[in-house]
Amino acid sequence: MLLENDEILMQGLQEGNNACLGKLYERYKTILLNYFINVTQDRDAANDLLMEVFERIYKYRGGFDVSRKFKPWMYQMSNNLLHDYRNKLSKHKSLENSKEEISYLQSYTFQQIDRGIILKDAMGRLSESERKVISMYYLLEIPYSEIAQIEGVSVNSIRIRVCRALKNLNAIITNSGIKEL
Amino acid sequence: MKTEQELLKIMDHVDGYVMKEAESDLKEEIKSLKQCASGIKDLPYEKVSEKTDERFQKFMESISDPSKTNTSRGLRTISIITAFAAGLALFLIFNPFQNKEILADFNAMKSNPDKLSFVYELTSEKLREGEIEEVKLLLANEENPNIKVALLDLLENYTPDHVKSEELFLNLNRSSTPSVQMAMLNAMEATDISDIRSDLDAFRNTVGLEETVKNRILQLLNNAKPKNLK
């Protein structure tokens with residue numbers, strides 16, 4: 003095996019080898035950043051959340067059970083941070099206002115319309131909980147059973163949420179006049 | 437308004453649990469939802485900013501053991517011996533002359549995020565020639581645009597010695613995703629493109645090619661030396 007698995011790295015971190023945290027960061031930074039961007043629609047907040055995840059992994063390293071899988075633990079932590087972020091945000095301004103502030107597409111590399119832009123734009127118009135559930139399933143590829151565990155609901159509830167989110171996404175795309183992605 | 441049972445039935449088709457054709461009234465809807473789902477999977481990834489990487493580095497420094505930076509000479513000697521022993525052990529375990537089997541490890545991974553994490557981590561490794569060839573094979577066979585971009589970013593570290601412009605151009609011809617095309621052109625930056633100038637120029641006129649991609653090709657062509665000036 004070329005690279006150590008996550009749990010071995012966590013064990014290394016527990017034993018005082020901090021370089022293991024660096025390896026986990028390299029491994030997951032891009033995926034987690036894109037998850038946070040998709041859910042929050044705010045690049046700066048997503049970068050802050052990414053940092054906080056790794057700070058928390060370090061802080062709570064002792065509480066990780068190395069006989070269990072690392073990823074669900076990390077995703078649970080990420081969602082707890084998203085929850086805190088949402089609470090903090092709602093104290094300062096309504097989510098509706100913040101949505102208007104986010105000019106996700108303006109800084110996008112490709113100015114012409116392509117399916118990525120259409121889809122990102124449409125995703126920005128979904129509710130945060132819808133973005134979260136479809137990002138967990140399609141972007142992070144977390145199985146339904148694990149999402150259900152993270153969210154504390156049944157597998158069927160998650161599948162229904164994913165279906166509703168996809169239907170809303172499809173409706174937004176259709177209403178925008180785009181025939182096909 | 438559909439019932440929850442109907443929504444679950446739709447998801448059985450979207451997730452591919454049910455392979456037989458859906459009832460005619462659901463067919464179109466399922467097709468559209470499947471398109472949305474595959475579109476989300478292929479959304480181009482954004483890279484972590486240098487600023488965030490720097491923040492992480494600072495964090496790593498802040499948690500490093502302060503005693504390590506304040507060792508006495510004797511302790512330092514012991515550290516050197518320990519480091520040498522550790523290095524030797526690592527050499528024996530991860531013998532650089534032993535095949536790292538990138539292809540096998542990559543293909544054993546089931547999910548795209550796992551594959552991406554694997555490629556990102558390879559970026560911090562020093563790959564040997566055989567391994568670079570394996571990465572090229574992965575690039576040629578991979579379909580997910582984000583993984584392709586990550587593989588190209590990895591290969592960019594080995595240009596121009598181990599990755600030539602002709603190989604990159606072959607892949608450019610096979611890809612229609614702007615983010616992948618841009619990553620390929622970026623990887624070409626350090627290579628000698630004199631032998632593919634005319635091919636690149638012709639590719640620039642491909643119908644429907646993204647404007648940003650066209651401009652990047654033009655920039656590459658303008659920056660490259662003409663063949664007779666090599």
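Going down the list, the sequences are from chains A and B. For what it's worth, our numbering labels the leading residue of the first sequence as 3, then goes sequentially. For what it's worth, our numbering labels the leading residue of the second sequence as 437, then goes sequentially. C-beta: ideal position from N, C-alpha, C; glycine also.
Per-residue burial, residue i [other beta carbons within 10 Å of its own, 16 or more giving buried]
| i | result |
| --- | --- |
| F530 (chain B) | Reliability fails at F530 (chain B), whose pLDDT of 47 lies under 50, so the model's placement of it is uncertain and the value that follows must be treated cautiously. Exposed, because fewer than 16 other Cβ atoms sit within 10 Å of the Cβ of F530 (chain B). |
| F542 (chain B) | buried |
| S560 (chain B) | exposed |
| Q493 (chain B) | exposed |
| S455 (chain B) | This sequence places Met at residue 455 (chain B); Ser is not what is there. By the 10 Å Cβ count, M455 (chain B) comes out exposed. |
| M12 (chain A) | buried |
| L443 (chain B) | buried |
| V155 (chain A) | exposed |
| L141 (chain A) | buried |
| Y62 (chain A) | exposed |
| E132 (chain A) | buried |
| R509 (chain B) | Confidence at R509 (chain B) is low in this model, with a pLDDT of 46, below 50, so the placement of that residue is unreliable and no value is reported for it. |
| C22 (chain A) | buried |
| N40 (chain A) | buried |
Contact check, residue i vs residue j, beta carbons under 9 angstroms
| i | j | result |
| --- | --- | --- |
| V585 (chain B) | S553 (chain B) | no |
| M620 (chain B) | N607 (chain B) | yes |
| L574 (chain B) | L563 (chain B) | no |
| I583 (chain B) | N548 (chain B) | yes |
| G126 (chain A) | G475 (chain B) | no |
| N36 (chain A) | Y481 (chain B) | yes |
| E57 (chain A) | F495 (chain B) | yes |
| D631 (chain B) | E602 (chain B) | yes |
Span of the alpha helix (DSSP H), counted from its first residue to its last, around residue i
| i | result |
| --- | --- |
| D550 (chain B) | N548 to L558 |
| N172 (chain A) | V157 to N177 |
| I33 (chain A) | A21 to T42 |
| H598 (chain B) | Note, H598 (chain B): premise wrong, no alpha helix (DSSP H); not H, not E. |
| L51 (chain A) | R45 to K61 |
| T488 (chain B) | E486 to I499 |
| V454 (chain B) | Unbroken run through V454 (chain B): none, as it is neither H nor E. |
| P581 (chain B) | P581 to E592 |
| D541 (chain B) | I538 to N543 |
| G18 (chain A) | Neither: G18 (chain A) is in no alpha helix (DSSP H) and is coded neither H nor E. |
| L142 (chain A) | Here L142 (chain A) belongs to no alpha helix (DSSP H), and DSSP marks it neither H nor E. |
| I632 (chain B) | Where I632 (chain B) is concerned, there is no enclosing alpha helix (DSSP H), given that its DSSP letter is neither H nor E. |
| A626 (chain B) | No alpha helix (DSSP H) holds A626 (chain B); DSSP gives it neither H nor E. |
| A576 (chain B) | E565 to N577 |
| V68 (chain A) | Counting along the chain, V68 (chain A) falls outside any alpha helix (DSSP H), and DSSP gives it neither H nor E. |
| S612 (chain B) | That residue, S612 (chain B), is in no alpha helix (DSSP H); it is neither H nor E in DSSP. |
| S131 (chain A) | E130 to I136 |
| L657 (chain B) | E647 to N659 |
Under 8 angstroms, CB to CB, which of the residues in the region 143-155 of chain A have a partner in chain B?
E143
For the region 475-494 of chain B, enumerate the residues whose C-beta is nearer than 7 angstroms to any C-beta of chain A, in chain order.
G475, I476, K477, L479, P480, Y481, E482, K483, V484, S485, T488, R491 and F492
Using a Cβ-Cβ cutoff of 7 angstroms, what residues of the region 581-606 of chain B are near chain A? List them in chain order.
none
According to a CB-to-CB cut-off of less than 9 angstroms, which residues of the region 543-562 of chain B neighbour chain A?
K546, S547, N548, P549, D550, L552, S553, F554, Y556, E557, L558, T559, S560 and E561
At a CB distance below 9 angstroms, what residues from the region 615-628 of chain B approach chain A? Give them in sequence order.
S615 and M618
Name, going along the chain, the residues of the region 123-142 of chain A whose beta-carbon falls closer than 8 angstroms to a beta-carbon of chain B.
M125, I136, S137, Y140, L141 and L142
Mind checking the region 449-467 of chain B against chain A and listing, in chain order, the residues whose C-beta falls within less than 9 angstroms of any C-beta there?
V450, D451 and E465
To be precise: take each residue of the region 645-661 of chain B, compare its Cβ to all Cβ atoms of chain A, and keep it if any distance is under 8 angstroms. Which residues remain?
E646, E647 and T648
Which residues, in chain order, does the region 40-55 of chain A contribute to contact with chain B at a C-beta distance below 7 angstroms?
N49, L52 and M53
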